[in-house]
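Worksheet: one structure, shown below.
2 protein chains.
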Amino acid sequence: MLNKYDTIYQQLAKEIDDGKRLPGEKLPSEHELTELFATSRETIRKALKLLSEHGYIQKIRGKGSIVLDRSTFDFPVSGLVSFKELAHKLGDDVITTVHSLQKISANDFLQKQLGCDAEEPLWAVVRARKISGESIILDKDYFLEEYVPNLTKEICQDSIYEYVEKTLGLTISFAKKEMFVTEATEEDKQYLDLQNYDLVVVVRNYVYLDNAVLFEYTESRHRPDKFRFVDFARRNR
Amino acid sequence: MLNKYDTIYQQLAKEIDDGKRLPGEKLPSEHELTELFATSRETIRKALKLLSEHGYIQKIRGKGSIVLDRSTFDFPVSGLVSFKELAHKLGDDVITTVHSLQKISANDFLQKQLGCDAEEPLWAVVRARKISGESIILDKDYFLEEYVPNLTKEICQDSIYEYVEKTLGLTISFAKKEMFVTEATEEDKQYLDLQNYDLVVVVRNYVYLDNAVLFEYTESRHRPDKFRFVDFARRNR
DNA sequence: CAGTGGTCTAGACCACGCT
DNA sequence: GCGTGGTCTAGACCACTGA
Chain F
38 MLNKYDTIYQ
48 QLAKEIDDGK
58 RLPGEKLPSE
68 HELTELFATS
78 RETIRKALKL
88 LSEHGYIQKI
98 RGKGSIVLDR
108 STFDFPVSGL
118 VSFKELAHKL
128 GDDVITTVHS
138 LQKISANDFL
148 QKQLGCDAEE
158 PLWAVVRARK
168 ISGESIILDK
178 DYFLEEYVPN
188 LTKEICQDSI
198 YEYVEKTLGL
208 TISFAKKEMF
218 VTEATEEDKQ
228 YLDLQNYDLV
238 VVVRNYVYLD
248 NAVLFEYTES
258 RHRPDKFRFV
268 DFARRNR
Chain H
38 MLNKYDTIYQ
48 QLAKEIDDGK
58 RLPGEKLPSE
68 HELTELFATS
78 RETIRKALKL
88 LSEHGYIQKI
98 RGKGSIVLDR
108 STFDFPVSGL
118 VSFKELAHKL
128 GDDVITTVHS
138 LQKISANDFL
148 QKQLGCDAEE
158 PLWAVVRARK
168 ISGESIILDK
178 DYFLEEYVPN
188 LTKEICQDSI
198 YEYVEKTLGL
208 TISFAKKEMF
218 VTEATEEDKQ
228 YLDLQNYDLV
238 VVVRNYVYLD
248 NAVLFEYTES
258 RHRPDKFRFV
268 DFARRNR
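Here you go:
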């Protein structure tokens, strides 16, 4: 069972998704929702905050909460989405090839990225992602070994996140992403079907556990024509 | 004067920025902060929520609020940042050239992007942004004329957002961004110093007013080597 | 003016971490 | 068991909107 406010959020979100509440319409007032759900106003407000953060409604002081048109927001969400989830949503067939899996010590670059000690033991994984027959993405992952004692090719073939969260019981709390374009390296050219492109889009991902430890640094290198990112940003975040 | 919780947020953020509270340290507990700021716990919690949403702290149930290391987060923020603000933060000299400014009617593409009526009257502005002597970004903006009755070259030269918000009194509430890489068009080549690059990074920006009206569609076309984006994503957003 | 959402309060109980 | 943050309540006053 979820929180009360989360339950209310999900119900209202579903009603909007199902077309029971149409864009442009107003939701019942907070006062009315309080009675509808037999709860307090602050709880209703938390649910409405979630709806507005997910682009379902917009709250306007003095007027009410207006249902938004999410039809233009239908691309897989920004935020922390694993490659596997993303591919699944796109309905594409994805094949992962593990090119290397080894224990290393942090070099200067990784020490800086992970903010860890010099020589800190790390897992280094290099994987290529093939979509519809073409190698499109090169994933280079670095984990603190301390948190991930065992790692096998099979796990890397599947989803490392799933292993980390479900099997190891670690909780990922948030991630910072950084994106830029740079020249393709020899490694990119070796593992990706770059066609004639000599640039790649690099997405750097810094992943934190719920104990505030930065435990993973990932670099995803995308063939430029297949890259896409969506961000849904509220003002004054 | 701001809200109480916003004031508390800003004070704590400043203390962290100034190094008075160091990464890894814990903030005082919510109970202690309640007494420190002579306020209620929910108000403190709103301030802490802001801190955690901006990457200043991480809250851990049963333990406390830990100050994070924001030193790797120092690049200008994701979200709705106008070009002018961004350039200002970077401390660069920026020159804007207005290449065209005209009233048009929505064509099929713009009708789709803005979700407006066919033939809806729009402003169309094309501007190039020169940073340190090089034309790096081509901005193509389309506004609903209904909301922006007058637009002059001088306003476009300066900041359209400032004009819209300060002079017209409209409030921008949020934006959706979409990013991808594509081949440079003739227009890109004409207005940008693309060197040998034949790709551009396109950022599509959908801007909403606080009355839930989508009133602007902007396409920013960046020279790939000068493009950079940072996203700070909490889980389950 | 009545009705809306925005802020704030002072309490309560719960789930979790640590010792 | 104690202190932490997470949820929830029932009220209050304010700022804004629209008739």
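Protein sequence lines, in the order shown, are assigned to chains F and H.
Its first residue numbered 38, the first sequence is counted upward by one per residue in my numbering.
Its first residue numbered 38, the second sequence is counted upward by one per residue in my numbering.
Glycine residues also receive a C-beta, built at the ideal position from the N, C-alpha and C atoms.
Since the model is a prediction, treat every value here as computed from it, not as a measurement.
(request) Indicate whether H:L147 and H:Y179 have their beta-carbon atoms separated by less than 7 Å. (result) As a working note, residue 147 of chain H is residue 110 in the second sequence. As a working note, residue 179 of chain H is residue 142 in the second sequence. Yes.
(request) Find out if the Cβ-Cβ distance for the pair F:L138, F:F252 is shorter than 7 Å. (result) Counting from one through the first sequence, the residue named residue 138 of chain F turns up at place 101. Counting from one through the first sequence, the residue named residue 252 of chain F turns up at place 215. Cβ atoms of F:L138 and F:F252: not closer than 7 Å.
(message) Please state whether the Cβ-Cβ distance between H:I141 and H:H259 is less than 7 Å.
(response) Looking up residue 141 of chain H in the second sequence gives position 104. Looking up residue 259 of chain H in the second sequence gives position 222. The answer is no: Cβ separation not under 7 Å.
(request) Note the first and the last residue of the continuous beta strand (DSSP E) segment covering H:K95. (result) Position 58 of the second sequence, counted from the start, is the residue given in the question as residue 95 of chain H. For the record, residue 95 of chain H in the displayed sequence is Gln; it is not Lys. Bounds of the beta strand (DSSP E) holding H:Q95 are I94 to I97.
(request) Quick one: which residues of the region 82-100 of chain F get their C-beta closer than 8 Å to a C-beta of chain H? List them in chain order. (result) Residues E90, H91, G92, Q95 and I97.
(message) Please classify H:Q227 as buried or exposed, where buried requires at least 16 other C-beta atoms within 10 Å of its C-beta.
(response) On the second sequence, residue 227 of chain H is found 190 positions in, with the first residue counted as 1. H:Q227 should be labelled exposed.
(message) Just to confirm, is the Cβ distance from F:S102 to F:L151 under 7 Å?
(response) Position 65 of the first sequence, counting from 1, holds the residue named residue 102 of chain F. Position 114 of the first sequence, counting from 1, holds the residue named residue 151 of chain F. Taking C-beta atoms as the reference points, F:S102 and F:L151 fail to come closer than 7 Å.
(request) Consult DSSP for F:V185 and reduce its assignment to one of helix, strand or coil. (result) On the first sequence, residue 185 of chain F is found 148 positions in, with the first residue counted as 1. F:V185: coil per DSSP, three-state reduction.
(message) With a threshold of 7 Å between beta carbons, is F:F264 in contact with chain H?
(response) Within the first sequence, residue 264 of chain F is the residue found at index 227, counting from 1. Taking Cβ atoms only, chain H reaches closer than 7 Å to F:F264, which makes this a yes.
(message) In the DSSP assignment, the beta strand (DSSP E) including F:K167 goes from what residue to what residue?
(response) Taking the first residue of the first sequence as position 1, residue 167 of chain F is located at position 130. That run of the beta strand (DSSP E) goes P158 to I168.
(message) To the nearest angstrom, how far is the alpha carbon of H:E202 from that of H:L159?
(response) In the second sequence, the residue the question calls residue 202 of chain H occupies position 165. In the second sequence, the residue the question calls residue 159 of chain H occupies position 122. Taking C-alpha positions only, H:E202 is separated from H:L159 by approximately 18 Å.
(request) Would you give the residue range spanned by the beta strand (DSSP E) that H:S28 belongs to? (result) Beyond the ends of chain H as shown, which are 38 and 274, falls residue 28 of chain H; an answer cannot be given.
(message) Taking beta-carbon pairs under 9 Å, can you tell me which members of the region 226-254 of chain F lie near chain H?
(response) Residues passing the 9 Å Cβ filter: Y234, L236, V238, Y243, Y245, D247, N248, A249 and L251.
(message) If I measure Cβ to Cβ from F:E191 and keep anything under 7 Å in the same chain, skipping five residues before and after, which residues do I get?
(response) Position 154 of the first sequence holds residue 191 of chain F. Its chain contains no residue whose beta carbon lies nearer than 7 Å to that of F:E191 once the 5 sequence neighbours on both sides are disregarded.
(request) Verify whether the separation of the beta carbon atoms of F:V131 and F:R58 is less than 7 Å. (result) Along the first sequence, read from residue 1 onward, the residue named residue 131 of chain F stands at position 94. Along the first sequence, read from residue 1 onward, the residue named residue 58 of chain F stands at position 21. No, the Cβ-Cβ distance between F:V131 and F:R58 is not below 7 Å.
(request) Compare the C-beta of H:K214 with all C-beta atoms of chain F and state if any pair is closer than 7 Å. (result) What you label residue 214 of chain H is simply residue 177 of the second sequence in a count that begins at 1. Yes, H:K214 lies at the interface with chain F (some Cβ there is under 7 Å from its Cβ).
(message) Please report the straight-line C-alpha distance between F:E156 and H:K100, rounded to a whole angstrom.
(response) One-based indexing of the first sequence puts residue 156 of chain F at position 119. One-based indexing of the second sequence puts residue 100 of chain H at position 63. Between F:E156 and H:K100, the C-alpha separation is close to 30 Å.
(request) Could you please give the first and the last residue of the uninterrupted alpha helix (DSSP H) stretch that includes F:H68? (result) For this step, residue 68 of chain F is matched to residue 31 along the first sequence. It spans E67 to L73 - the alpha helix (DSSP H) in which F:H68 sits, taken as one unbroken run.
(request) Could you name the residues of the same chain whose beta carbon sits closer than 6 Å to that of H:D54, not counting the 5 residues immediately before and after it, in chain order? (result) Mapped onto the second sequence, residue 54 of chain H falls at position 17. Excluding sequence neighbours, H:D54 sits near nothing in its chain.
(request) Go to F:L87, then tell me how far its alpha helix (DSSP H) extends in each direction, as first and last residue. (result) Working through the first sequence from its first residue, we reach residue 87 of chain F at position 50. For F:L87, the uninterrupted alpha helix (DSSP H) run begins and ends at R78 to E90, by DSSP.
(request) Look at the Cβ atom of F:Y245, then the Cβ atom of F:S210, and state whether they are nearer than 7 Å. (result) Sequence index remark: in the first sequence, residue 245 of chain F carries index 208 (1-based). Sequence index remark: in the first sequence, residue 210 of chain F carries index 173 (1-based). The answer is yes: Cβ separation under 7 Å.
(request) Please classify H:T12: is it buried, with 16 or more other beta-carbons within 10 angstroms of its beta-carbon, or exposed? (result) With chain H covering 38 to 274 only, the question about residue 12 of chain H has no answer from this structure.
(message) Please list, in chain order, the chain F residues whose beta carbon lies closer than 7 Å to that of H:I103.
(response) By one-based count along the second sequence, residue 103 of chain H stands at place 66. A249, listed in chain order.
(request) Return the Cβ separation of F:M216 and F:V237 in integer angstroms, given the expectation that the two are a contact with Cβ distance under 8 Å. (result) On the first sequence, residue 216 of chain F is found 179 positions in, with the first residue counted as 1. On the first sequence, residue 237 of chain F is found 200 positions in, with the first residue counted as 1. Approximately 11 Å separates the beta-carbon atoms of F:M216 and F:V237; this is outside 8 Å, ruling out the contact.
(request) Give, in chain order, every unbroken run of the beta strand (DSSP E) that is at least 3 residues long and sits entirely within the region 216-262 of chain H. (result) With a minimum length of 3 residues, the continuous beta strand (DSSP E) runs that stay inside the region 216-262 of chain H are 236-246 and 251-259.
(request) Kindly identify the DSSP beta-bridge partner or partners of F:K177. (result) Taking the first sequence and counting its residues from 1, one reaches residue 177 of chain F at position 140. Beta-bridge pairing links F:K177 to F:V163 and F:E256.
(request) From the DSSP output, read off the bridge partner residues of F:E171. (result) Here the question's residue 171 of chain F lines up with position 134 in the first sequence. For F:E171, which the question treats as bridged, DSSP gives the partners F:I168.
(message) Taking the beta carbon of F:T208 as the centre, do at least 16 other beta carbons fall within 10 Å, making it buried, or is it exposed?
(response) As a position in the first sequence, residue 208 of chain F is number 171, starting the count at 1. The residue in question, F:T208, is exposed, as its Cβ has fewer than 16 Cβ neighbours within 10 Å.
(request) Please report how far the alpha carbon of F:P60 lies from the alpha carbon of F:D106, in whole angstroms. (result) Here residue 60 of chain F corresponds to residue number 23 of the first sequence, with the count starting at 1. Here residue 106 of chain F corresponds to residue number 69 of the first sequence, with the count starting at 1. When rounded, the distance between both Cα atoms is 5 Å.
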